[in-house]
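Asks: Residue numbers (the numbering used here): 319 to 809.
Just so it is clear, CB atoms sit at the ideal spot from N, CA and C, and this is done for glycine as well.
Remember, predicted model here, so these are calculated numbers, not experimental data.
Please see the structure below; I have some questions.
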Amino acid sequence: MESLIMFADWFKKSGIIQLLIISALLFSGCTESRSVKQAEEVALITKALEDSTSVYYASFNSYPKDLKSLPIGMFDSGTGGLTVLEQFLAMDSFNNKTGEESPDGVPDFDGEEFIYLADQANMPYGVYSSQNKTDYLRELIIKDALFLTTGSKRTKVVVIACNTATAFGLEDVSRMLQQSSTGVNVIGVIDAGVEGAMSKISPNQESFAVGVLATVGTIASGGYEKSIIRYSKQRGYTADIRVVNQGGAGFAEAVDSEADYISKNAKEVRDNYRGPRFRDSLGIDQKLLSLYNFDTTGNSLLIKRDKNGEIEDIQLNSSGNYARFHMVSLLEKHRVNNPGVVMKSIILGCTHYPYLEDTLREVIAELREYSQGDVKPYESIIDAGIDFIDPAVNTAKETFKLLYAQNLLRKESNGNRVNAYISVPHKDVPKEAKDSSGNLIFNFKYGRDTGSEIPTVTITPFSKANINGDNITRIEQRLPLSYSLIKNNME
């Protein structure tokens, strides 16, 4: 109710109190037909294509005919997508002159300019589906694509560097761009990730398992599982393939230092924590504490004990501990449900997760060595050479092949340029809708409805003022090529 009152005050000031009535109807309209919902989902696309009075009108008819000189566009819900950009900058898998898949000593995207958008203010994308806001998420994804295809930010291809956005918005963006007649294509990361995982496994392999570690929203969409099934049928796999899904609740948010998931200043368990809960059915299992092997230094793990010293509550408070929790959870699920089946690969189905790949690999090594008496329960079900699949690698390859085939690569030898942007709360959003760090509070963020043209976020260049210091350090350490091109904005 408090959230509703806050919305009412804000909308009243904006002169559109009628939207409250529409919102109420939406909340009560749980039985509305699919055809009505489909109309709502494409409304923003119609505005972009046809409604010149809308702030989202794209003026696609004035799009440049020659796309070659335009930048490559890329977006994610935060800074995680920079792991995809890093692969684009580093990749040398092709002969740039012939297009053959053979390294030539020259970066494949040499000479290309990139525009990167981190929709930080609206993240995490993976939560919208659990809050029954899938339609709003799809609208956000279309807005991201519009940023990269309008005004001075027009690009020659749009790369969705986000698994959740690919799962929920790839079809919408593709439909909009096809109707735009610009010649601009869109590429997502899910099919690329599946290609990376399955191409290393023989179609004649006996029964095996593939792990998928992704956001709760991506897992809920079934995107990876559907793609694996489709791939296996097309390639003639005969084995019983087990897909083991783990929704990484809070993992991506912790990487981006979202206050609802980790707090740098916390010294004890807190009320506004939204990460995995102690003793919940899908939360932290007391029986698995020795397997999690959580980092307890500093305030990385917050523990509440009773007067007898017994644990009452545990909260994760570092990205490394989120990584440990979710990797152990995935493999424990596999051990229980798939006895005797070997897991061959794990897809890192969120672009934030490669930041913690070292920690994830440590967990694998620890579990393979873990013993109960003379038995090592995980050793035989985790392949000794298990692959961690970063979908970014195959996404970069797919993009190169597309642009080469269309003769849209610049093929210049003058390095790269990156213009990076990030969304922040709009100045007109009421202070009650923001937390102490200036970010949108949970109830406001996930209480918004589709159809409004009143902005709640604005987009600005990367700077130290709008990116957490820990994230900047992580980018510098893990993504040196990307950091070298965006650091001038970090001053």
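1) Quick test of the definition: if touching needs 3 or more C-beta pairs under 8 Å, does the segment 523-535 touch the segment 559-568?
2) How many Å lie between Lys715 and Ile632 at the Cα?
3) Identify every residue that forms a DSSP beta bridge with Asn737.
4) Suppose you measure from the CA of Ser395 to the CA of Gly541; what does that come to, to the nearest Å?
5) Return the chain-ordered list of same chain residues with a C-beta closer than 7 Å to the C-beta of Ser372, the five sequence neighbours on each side being excluded.
6) In whole angstroms, what separates the C-alpha of Leu619 from that of Tyr555?
7) According to the neighbour-count rule (16 or more other Cβ atoms, all chains shown, within 10 Å of its Cβ), is Glu418 buried or exposed?
8) Could you check what DSSP says for Arg659 in three-state terms: helix, strand or coil?
9) In angstroms, rounded to a whole number, what distance separates the CA positions of Pro291 and Glu404?
10) Less than 8 Å between the C-beta atoms of Leu488 and Gly511, yes or no?
11) Put Gly554 into one of helix, strand or coil per three-state DSSP.
12) Could you work out which residue in Glu571, Ser608, Gln604, Leu609 is closest to Tyr591 when comparing CA atoms only?
13) Judging by CA-CA distance, which residue of Phe406, Lys585, Asp509 is the nearest neighbour of Thr831?
14) Identify every residue that forms a DSSP beta bridge with Val693.
15) Starting from Arg493, follow the alpha helix (DSSP H) in both directions and report where the run begins and ends.
16) Any chance the segment 447-460 sits against the segment 756-773, with 3 or more Cβ pairs inside 8 Å?
17) Whole angstroms are fine: how far does the CA of Val646 sit from the CA of Leu609?
18) Rounding to the nearest angstrom, what Cα-Cα distance links Glu794 and Leu435 in this structure?
19) Tell me whether the segment 657-665 and the segment 629-643 touch, counting them as touching only if at least three CB pairs, one residue from each stretch, are closer than 8 Å.
20) Below 8 Å, can you find three or more Cβ-Cβ pairs linking the segment 381-389 to the segment 689-699?
21) With 16 as the cutoff for other CB atoms within 10 Å, does Ser517 come out buried or exposed?
22) Along the beta strand (DSSP E) that carries Phe780, what are the first and last residues, could you check?
23) Suppose you measure from the CA of Leu455 to the CA of Ser581; what does that come to, to the nearest Å?
24) For Phe596, tell me which candidate among Lys622, Asn617, Thr401 has the shortest Cα-Cα distance.
25) In angstroms with no decimal places, state the Cα-to-Cα distance between Thr473 and His744.
26) Could you give the first and the last residue of the continuous alpha helix (DSSP H) run that contains Val562?
27) Tell me the rounded alpha-carbon separation between Lys729 and Gly391.
28) Tell me whether Ile519 sits in a helix, a strand or coil according to DSSP, three-state version.
29) Can you find the residues in the same chain that come closer than 6 Å, C-beta to C-beta, to Ala532, ignoring five residues on each side of it along the sequence?
30) So is Pro748 buried or exposed if we call it buried at 16+ other beta carbons inside 10 Å?
31) Between Thr791 and the rest of its own chain, which residues show a CB-CB distance below 7 Å, the 5 nearest in sequence each way excluded?
32) Looking at the secondary structure, which residues open and close the beta strand (DSSP E) in which Asn761 lies?
33) Over what stretch of residues does the alpha helix (DSSP H) that includes Val373 continue unbroken?
34) Restricting to Cα atoms, I'd like to know which of Phe427, Asn440, Gly423, Tyr549 is closest to Thr774.
35) Excluding sequence positions up to five away, which residues of its chain have a Cβ less than 6 Å from the Cβ of Glu543?
36) Quick one, which of Asp753, Tyr801, Val742, Ser754 has its alpha-carbon nearest Val783's?
Replies: Once the coordinates are examined:
1) yes
2) The sequence position of residue 715 within the sequence shown is 397, counting from 1. The sequence position of residue 632 within the sequence shown is 314, counting from 1. Approximately 42 Å, taken between the alpha carbons.
3) As a working note, residue 737 is residue 419 in the sequence shown. Listed as beta-bridge partners of Asn737 by DSSP are Ile433.
4) The residue labelled residue 395 in the question sits at position 77 within the sequence shown. The residue labelled residue 541 in the question sits at position 223 within the sequence shown. Spanning the two alpha carbons is a distance of roughly 17 Å.
5) On the sequence shown, residue 372 is found 54 positions in, with the first residue counted as 1. Excluding sequence neighbours, Ser372 sits near Lys365, Glu771.
6) Position 301 of the sequence shown, counted from the start, is the residue given in the question as residue 619. Position 237 of the sequence shown, counted from the start, is the residue given in the question as residue 555. Their Cα atoms are separated by approximately 43 Å.
7) Mapped onto the sequence shown, residue 418 falls at position 100. Per the 10 Å Cβ criterion, exposed.
8) For this step, residue 659 is matched to residue 341 along the sequence shown. Arg is not the amino acid found at residue 659; the sequence shown has Val there. Reduced to three states, the DSSP call for Val659 is coil.
9) Look at the range of the chain in this structure, 319 to 809, and you will see that residue 291 is not part of it.
10) Translated into the one-based positions of the sequence shown, residue 488 becomes position 170. Translated into the one-based positions of the sequence shown, residue 511 becomes position 193. No; because the gap between Cβ atoms is not below 8 Å, this pair is not in contact.
11) Against the sequence shown, residue 554 aligns to sequence position 236. Secondary structure of Gly554 (DSSP, three-state): coil.
12) The residue given as residue 591 occupies position 273 in the sequence shown. When each option's Cα is compared against that of Tyr591, the closest is Glu571.
13) Within the shown structure, residues of the chain are numbered from 319 to 809, placing residue 831 beyond reach of any answer.
14) Here residue 693 refers to the residue found at position 375 when the sequence shown is read from its first residue. Answer is Gln690, bridged to Val693.
15) Here residue 493 refers to the residue found at position 175 when the sequence shown is read from its first residue. Element bounds for Arg493: 481-498.
16) With a cut-off of 8 Å, the segment 756-773 and the segment 447-460 count as touching, because enough Cβ pairs lie within range.
17) For the purposes of this step, residue 609 is taken as the residue at position 291 of the sequence shown. For the purposes of this step, residue 646 is taken as the residue at position 328 of the sequence shown. About 7 Å.
18) Stepping through the sequence shown from its first residue, residue 794 is reached at position 476. Stepping through the sequence shown from its first residue, residue 435 is reached at position 117. Taking the straight line joining both Cα atoms gives about 18 Å.
19) no
20) no
21) In the sequence shown, the residue the question calls residue 517 occupies position 199. Burial call: exposed.
22) Position 462 of the sequence shown holds residue 780. DSSP places Phe780 outside any beta strand (DSSP E), giving it a letter other than H or E.
23) Here residue 455 refers to the residue found at position 137 when the sequence shown is read from its first residue. Here residue 581 refers to the residue found at position 263 when the sequence shown is read from its first residue. Roughly 26 Å separates the two Cα atoms.
24) One-based indexing of the sequence shown puts residue 596 at position 278. Among Lys622, Asn617, Thr401, the Cα nearest to that of Phe596 is on Lys622.
25) Along the sequence shown, read from residue 1 onward, the residue named residue 473 stands at position 155. Along the sequence shown, read from residue 1 onward, the residue named residue 744 stands at position 426. Going from the Cα of Thr473 to the Cα of His744 covers about 25 Å.
26) Taking the first residue of the sequence shown as position 1, residue 562 is located at position 244. Going by DSSP, Val562 is part of no alpha helix (DSSP H) but of the beta strand (DSSP E) stretching over 559-565.
27) If you number the sequence shown from 1, residue 729 lands on position 411. If you number the sequence shown from 1, residue 391 lands on position 73. Rounded to whole angstroms, Lys729 to Gly391 spans 17 Å at the Cα level.
28) Walking along the sequence shown from the start, residue 519 turns up at place 201. Coil.
29) For this step, residue 532 is matched to residue 214 along the sequence shown. So the qualifying residues of the chain are Asn481, Gly667, Cys668.
30) If you number the sequence shown from 1, residue 748 lands on position 430. Exposed, since its Cβ has fewer than 16 Cβ neighbours within 10 Å.
31) Within the sequence shown, the letter at position 473 stands for residue 791. Cβ within range, chain order: n/a, list empty.
32) As a position in the sequence shown, residue 761 is number 443, starting the count at 1. Counting along the chain, Asn761 falls outside any beta strand (DSSP E), though it belongs to the alpha helix (DSSP H) covering 760-763.
33) Counting from one through the sequence shown, the residue named residue 373 turns up at place 55. Neither: Val373 is in no alpha helix (DSSP H) and is coded neither H nor E.
34) For the purposes of this step, residue 774 is taken as residue 456 along the sequence shown, with counting starting at 1. The option with the nearest alpha carbon to Thr774 is Asn440.
35) Position 225 of the sequence shown, counting from 1, holds the residue named residue 543. Taken in chain order, the residues that qualify are Val561.
36) Position 465 of the sequence shown, counted from the first residue, corresponds to residue 783. Reading the sequence as shown, one finds Ala at residue 783 and not Val. The option with the nearest alpha carbon to Ala783 is Val742.
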